[in-house]
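Be aware that the sequence shown starts at 876, since it is given in our numbering, and climbs by one per residue.
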Amino acid sequence: MSEHTITVAGVAVDTRHWIGGERVAGGETFTDVSPIDGATLGEIARGTAADAAAAVAAAKAAFPAWAATSYEERARVLHAVADGVEKRLEELAVVETADNGALLRSHRRGVMPRVAHNFRFFADRLLELGHEDFDTRGHTNHVSWDPAGPCVLITPWNAPLMLATWKVAPALAAGNTVVLKPAEWSPLTASLLADIAAEAGLPAGVLNVVQGYGSEIGDALTSNPDVRRVSFTGSVPTARRIAASAAPNLTPLSLELGGKSPLLVFGDADLDLAVELAVEQYDNAGQVCLAATRLLVEEGVAEEFTRRFTDQASRLVQGDPRDEATDIGPNIHPAQLEKIDGFVRRALDAGARAVVGGHRGEGQYYAPTLLTDVAQDSEIVQEEVFGPVLTLQTFSGEDEAVRLADDTRFGLAATVVTGDPGRAARVSSRLVAGTVWVNCFFVRDLRAPFGGSRHSGVGREGGDWSFDFFCDVKNTVTAPKGWKHHG
Ligand code: NAD
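Rendered as structure tokens:
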């Protein structure tokens, strides 16, 4: 074990960058802290502009050979990466929980299997990519999906490896090389992924990982003219900075951003289901981009809904995310907790009523909170909190429901709970959202698109939408044999 290796929950993790198939220490470090108990996990390489440039250079050098690799070979290596993820699933799960505080049982049973599936899915999808041919007066138009080049992938801390591999897998499948910059509050599983990819036989330089603060190395990555794609998941203010930085090179961007999604409960809904779906919004301590944080409930059932919701929310177990019985873990960072509390205090000062919670818990935990008596134009209804804080408003009829639901600058997702299929279809078609769930939440086929409208994002990921972004689509027109050019 090198002096740069730390042990987290019994797992050895290298704290250095991974550039060109080698570990690179760089100079300074930053301290990674567990949100569970504030314990120091280790000192992580603090990337500089020079590290960012070296990683892009490594990705550029590795690009021609990887781009020329056959689809079958790329798919084989991606399946080998998936095998490695499955083999080390428990290690990935415990390290991710120590690093970002999300539930261990979710990491074990849902998140990490999905990480492996991301690689398998895009490996298989690659082999199914259609290379269409069209005929124009004997000229063959051959449409191909060409690799774009080095890609910079920048990811947040709320589902670190899951969101990273959602980009890494299609980017690599498409024949691109990658520089991954994980969030500084959850840097560890990206480093494990580098090990897994190397063991799986991914050639040096095809996947590079640079650690550090986005504010310090982000620009160097996103403004580099050798970068052909930037795919970002994170907040709106950072997206604006990235867009400005990528603009001079016209680098294509994919942006998956925040939300303030509504959950609409109609009077004809199965109220038990509605309450269950609403309480689910506290998952991951509310740190979920898709979370339906605005509960919109039809007047006639609002009182009963609130009673049942309060009852169920009061039974949630908040505590150590490593315990099987825990429903809600800690929030990621003291700064995030402060931000959440600020939103709630300002809402209470403005006249909101806390029906559930409304205050901090012990340590780095925030009590699950439900606020009523909130105005549509208030900060708490309009801005993303990214914590376990929901608001409840009432409506009367479909028109008002849709008006309230659509009245924010976001458009990531919406959930409709109704017993009337006709109403479900009418309301869904009017909502501005990348995903609408009817009588369910969070389910998605990997072949389907994912993304946000308005300030929730630019572009779609998932299925062939990912290939569309990560490829340069080319049309090669070939004249028939013996054809003479007359014009
Ligand atoms: P953030 O924007 O602060 O950071 C995200 C990433 O960007 C981190 O890796 C960070 O280091 C990096 N970064 C920061 N400044 C940068 C710069 N100038 N240039 C380049 N990179 C820079 O977001 P966060 O707090 O980590 O994540 C929470 C946000 O992410 C929420 O708004 C949430 O809704 C959103 N999110 C969206 C989705 C989605 O798929 N739509 C999924 C998860 C999270």
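Using N, Cα and C, we set each Cβ at its ideal position, and we do this for glycine too.
Note that the structure is predicted; figures quoted are calculated from it, not measured.
Next item on the list: Would you identify the three-state DSSP class for Q1251, choosing helix, strand or coil?
Entry: Reduced to three states, the DSSP call for Q1251 is coil.
Checklist line | Beta-carbon proximity list for G1076, same chain, < 8 Å, skipping 5 on both sides | finding: Closer than 8 Å at the Cβ level, and outside the excluded window around G1076, lie V952 and A955.
Notebook entry, point to check: How would you write the range of the beta strand (DSSP E) that V1081 sits in, first residue to last?
Noted result: Here V1081 belongs to no beta strand (DSSP E), and DSSP marks it neither H nor E.
Item checked: Spatial distance of N993 from V1043 (CA atoms) -> Near 9 Å, if we compare the C-alpha coordinates of V1043 and N993.
Notebook entry, point to check: For Y1088, does the count of other Cβ atoms within 10 angstroms reach 16, so buried, or fall short, so exposed?
Noted result: So Y1088 ends up on the exposed side.
Margin query: Would you say G1262 lies against chain C (beta-carbon separation less than 7 Å)?
Written below: Going by chain labels, chain C is absent from the structure shown, which holds only one protein chain.
Check: What did DSSP end up calling T1015 once you bin it into helix, strand or coil?
Finding: Strand at T1015.
Next item on the list: With a 10 Å radius around its C-beta and 16 neighbouring C-beta atoms as the bar for buried, classify V1352 as buried or exposed.
Entry: Around the beta carbon of V1352, fewer than 16 other beta carbons sit within 10 angstroms, so the residue counts as exposed.
Item checked: F1270, enclosing beta strand (DSSP E) - first and last residue -> F1270 -> beta strand (DSSP E) spans V1264 to F1270.
Notebook entry, point to check: From D1008 to H1014, what distance separates their C-alpha atoms?
Noted result: Going from the Cα of D1008 to the Cα of H1014 covers about 10 Å.
Margin query: For the ligand NAD, I want to know if W1032 counts as a neighbour, meaning its beta carbon is within less than 6 Å of at least one of the ligand's heavy atoms.
Written below: Correct: W1032 has its Cβ closer than 6 Å to the ligand NAD.
Check: Cβ atoms of G976 and R1103: under 7 Å apart, would you say?
Finding: In this structure, R1103 lies away from G976, with their beta-carbon atoms at least 7 Å apart.
Note to self: Less than 8 Å between C-beta atoms, sequence neighbours within five positions excluded: which residues of the same chain meet that for R921?
What the structure shows: Short of 8 Å from the beta carbon of R921, and not among the five residues preceding or following it, lie these beta carbons of its own chain, in chain order: G901, G902, E903, T904, F905, Q1086, G1087, Y1088 and E1091.
Margin query: Assuming A957 and R995 are in contact, meaning their beta carbons sit under 8 Å apart, how far apart are those beta carbons, in whole angstroms?
Written below: Indeed they touch by this definition, with Cβ atoms about 5 Å apart.
Checklist line | Within 7 Å, strictly: CB atoms of V1054 and N1083 | finding: Closer than 7 Å, so yes.
Check: Nearest to F1194 by CA position, among L1265, P1243 and G1226, is which residue?
Finding: The question names Phe, but residue 1194 is Gly in the sequence shown. Comparing Cα-Cα distances from G1194 to each of L1265, P1243 and G1226, the minimum goes to P1243.
Next item on the list: Starting from the Cα of N1051, find the closest Cα among V1081, L1067, R1329 and L1132 and give me that residue.
Entry: Answer by Cα proximity: V1081.
Margin query: Suppose contacts are defined by Cβ-Cβ distances below 7 Å. Is S1129 in contact with G1327 by that definition?
Written below: No, the pair does not count as a contact, with Cβ atoms beyond the cut-off.
Margin query: What does DSSP give as the partner residue(s) for H892 in the beta ladder?
Written below: According to DSSP, H892 bridges with V899.
Check: How many Å lie between L1002 and K935 at the Cα?
Finding: Taking the Cα positions, L1002 is about 24 Å away from K935.
Margin query: Considering only heavy atoms of the ligand NAD, does any lie closer than 6 Å to the CB of A920?
Written below: Not under cutoff, so the answer is no.
Next item on the list: Would you identify the three-state DSSP class for S909, choosing helix, strand or coil?
Entry: DSSP places S909 outside both helix and strand once states are collapsed to three, so it counts as coil.
Next item on the list: Take E947 and list the residues in its own chain whose beta-carbon comes closer than 8 Å to its own, dropping the five residues that flank it on each side.
Entry: By the criterion of a C-beta distance shorter than 8 Å, E947 is surrounded in its chain by L1002, once the five residues flanking it on both sides are discounted.
Check: Which stretch, first to last residue, makes up the beta strand (DSSP E) that contains T1108?
Finding: Counting along the chain, the beta strand (DSSP E) containing T1108 begins and ends at R1104 to T1108.
Margin query: I'd like the ranges of any beta strand (DSSP E) spanning at least 3 consecutive residues and lying wholly in the region 1194-1241.
Written below: Listed in chain order, the complete beta strand (DSSP E) runs (minimum 3 residues) inside the region 1194-1241 are 1228-1231.
Next item on the list: Would you list the one or two residues that DSSP bridges to I1117?
Entry: Partner residues in a beta bridge of I1117, as assigned by DSSP, do not exist.
Item checked: Selection from E1237, R1322 and A928 that minimises the alpha carbon distance to D912 -> Closest in alpha carbon position to D912, among E1237, R1322 and A928, is E1237.
Next item on the list: Measure the C-alpha to C-alpha separation of G1262 and V1231 and round it to an integer number of angstroms.
Entry: As the crow flies, the alpha-carbon of G1262 is around 14 Å from that of V1231.
Item checked: Span of the beta strand (DSSP E) around L916 -> Segment T915 to A920, the beta strand (DSSP E) holding L916.
Check: Are N1099 and V931 touching if we call contact CB-CB under 7 Å?
Finding: Contact: yes.
Checklist line | Helix, strand or coil at V952 according to DSSP, with G and I counted as helix | finding: Correct three-state label for V952: helix.
Next item on the list: Check whether the Cβ of I1071 lies closer than 6 Å to any heavy atom of the ligand NAD, and answer yes or no.
Entry: Flag unset: Cβ of I1071 not near the ligand NAD.
Next item on the list: Measure how close the beta-carbons of V1292 and L1139 come, nearest whole angstrom, since I'm counting them as under 8 Å.
Entry: That pair is a contact at about 7 Å.
Note to self: Would T1266 and R1329 be called neighbours here (beta carbons separated by less than 7 Å)?
What the structure shows: In this structure, T1266 lies away from R1329, with their beta-carbon atoms at least 7 Å apart.
Next item on the list: Return the Cβ separation of V1302 and A1276 in integer angstroms, given the expectation that the two are a contact with Cβ distance under 8 Å.
Entry: Taking the Cβ atoms as the reference, V1302 lies roughly 7 Å from A1276, within the contact range of under 8 Å.
Checklist line | Length of the line joining the Cα atoms of D1070 and Q1268 | finding: D1070 and Q1268: Cα-Cα distance of roughly 48 Å.
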